[in-house]
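Numbering (our numbering), first residue to last: 76 to 414.
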Ligand SMILES: Cc1ncc(COP(=O)(O)O)c(C=O)c1O
């Protein structure tokens, strides 16, 4: 099977497993795991922030960050397709009493004026807005990259209204490689970021919340409250350190593979948006096949793809898919879509 459902399906490489097996560990709830401490320091430094906190998942890292910025009852602004309001199962409301209000799903094509117009000021007569969250790259937005100029304007909107700006940076590494923007430049624009080691970077588990020392001290408390304090977790942090050392620059290969797949499907009128990174979004509204039918036909030919809706599907390239497999997948899809 060629698995293009997600970049989360990768398995640790032999080098990564070796790093995990030989990791120095301690009880991280006591703050005694040197490999976790090293990972947190390294990630904080890469983003030009004071501190970082290792968390078991991107969802928990996002939710901790949102709790840092938005008190119960107050409001978060994000887009209607954001991971935090689509795939985190209502966590902001369920665990933290956070109200979420969304701008229409436009992926990475955000208009900062639209966001600014949504902000509600502090006061007793309306829900006060406390934070804005954006997603870089945008998952349901087909791996789109928010331009630096847009992020700078959003920073101005946040500053102008006294709001926090959070980045769901599960795939910020891909944006860094695609647009050549230094990670520290992204880091400087946000109060907090959540970044994942378990997506394109190929680690089995792990995300980090990045921010000021003060925010991360509070984040450590919130992580424990959510049941995310972990013990000899240097074994996983070692996988993350290995991924940072070996799997960031190579993301350009995944982007090239996605472009190759996009080229194969585009003539059939099903490419939803231009491909920038490792996600190929498919829009089947004008095609005779719907998304489940395309996925079933692909599966019968040994290819797994994700169905996101009745007429939307997704292909994702990653560490565990070879050039030859991408060629095979491209041929398979072109054959099915042509029929
Ligand atoms: C943009 C984005 N944010 C957050 C997450 C959450 O990560 P996790 O599955 O580790 O909770 C994902 C997962 O795919 C994602 O795509």
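Don't be surprised by glycine CBs; every beta carbon is placed ideally from N, CA and C. Nothing here was measured: the structure is a model prediction, and the numbers come from that model.
| message | Taking the beta carbon of residue 72 as the centre, do at least 16 other beta carbons fall within 10 Å, making it buried, or is it exposed? | response | The structure shown has nothing for residue 72, since the chain only spans 76 to 414.
| message | Report the CB separation of residue 118 from residue 283 in whole angstroms; it is logged as a contact under 8 Å. | response | The Cβ separation is near 5 Å, so the contact holds.
| Does DSSP put residue 431 in a helix, in a strand, or in coil? | A question about residue 431 goes unanswered here, because the residues of the chain that appear run from 76 up to 414.
| Hey, residue 109 and residue 303: beta-carbon distance below 8 Å or not? | no
| said: Starting from residue 191, trace the alpha helix (DSSP H) in both directions and tell me its first and last residue. | reply: In the DSSP assignment, residue 191 falls within the alpha helix (DSSP H) that extends over 187-193.
| task | Give the single residue among 82, 269, 229 whose Cα lies nearest to the Cα of residue 243. | result | 269
| task | Starting from the C-beta of residue 126, find all residues in its chain whose C-beta is less than 6 Å away, skip the five residues before and the five after it, and write them out in chain order. | result | 119, 288, 291
| request: Evaluate the contact criterion for the region 327-341 versus the region 393-404: three or more CB pairs, one atom per stretch, below 8 Å. | output: yes
| query | Are three or more beta carbon pairs between the region 78-86 and the region 385-396 nearer than 8 Å? | reply | yes
| message | Assuming residue 376 is part of the beta strand (DSSP E), what are its boundary residues? | response | It is not in any beta strand (DSSP E) - residue 376 carries neither H nor E in the DSSP assignment.
| said: For a quick check, are the C-beta atoms of residue 85 and residue 277 less than 8 Å apart? | reply: yes
| field | Residues near residue 171 in its chain [Cβ-Cβ closer than 8 Å; skip 5 each side] | value | 138, 141, 142, 145, 147
| field | Straight-line Cα distance separating residue 87 from residue 279 | value | 6 Å
| Residue from 358, 373, 377, 209 whose Cα sits closest to the Cα of residue 345 | Restricting attention to 358, 373, 377, 209, the CA atom closest to the CA of residue 345 is found in 358.
| request: Look up residue 178 in the DSSP assignment and give the residues it is bridged to. | output: In the DSSP assignment, residue 178 forms a beta bridge with 154.
| said: Taking only three categories from DSSP, how would you classify residue 407? | reply: helix
| field | Buried/exposed call for residue 382, threshold 16 Cβ in 10 Å | value | buried
| Counting Cβ pairs closer than 8 Å, one from the region 197-210 and one from the region 152-166, do we hit at least three? | yes
| request: Would you kindly report the start and end of the unbroken beta strand (DSSP E) that includes residue 164? | output: From DSSP, residue 164 is part of no beta strand (DSSP E); its letter is neither H nor E.
| What's the gap between the Cα of residue 225 and the Cα of residue 256? | 13 Å
| request: Write down every uninterrupted run of the alpha helix (DSSP H) in the region 267-308 whose length is 4 residues or greater and which is fully enclosed by it, in chain order. | output: 288-300
| Assuming residue 354 and residue 182 make a contact with CB atoms under 8 Å, what is their CB distance in whole Å? | So it is not a contact: roughly 10 Å between Cβ atoms.
| query | Between the Cα of residue 249 and the Cα atoms of 275, 173, 373, which residue gives the shortest distance? | reply | 275
| message | I'd like the span of the beta strand (DSSP E) that includes residue 207, first residue to last. | response | 204-210
| said: Quick check: does the Cβ of residue 287 come within less than 7 Å of any heavy atom belonging to ligand 1? | reply: no
| Within the present structure, is the beta-carbon of residue 353 separated from the nearest heavy atom of ligand 3 by less than 7 Å? | Judged by which ligands are present, ligand 3 is missing from the structure shown, whose ligands are ligand 1.
| What are the boundary residues of the beta strand (DSSP E) that residue 221 is part of? | Residue 221 -> no beta strand (DSSP E), and no H or E assigned at all.
| field | Ranges of the beta strand (DSSP E) found wholly within the region 336-386, counting only runs of at least 3 | value | 354-358, 381-384
| task | Might you give, ordered along the chain, the residues of its own chain that have their beta carbon closer than 6 Å to the beta carbon of residue 134, omitting 5 neighbours on each side? | result | 163
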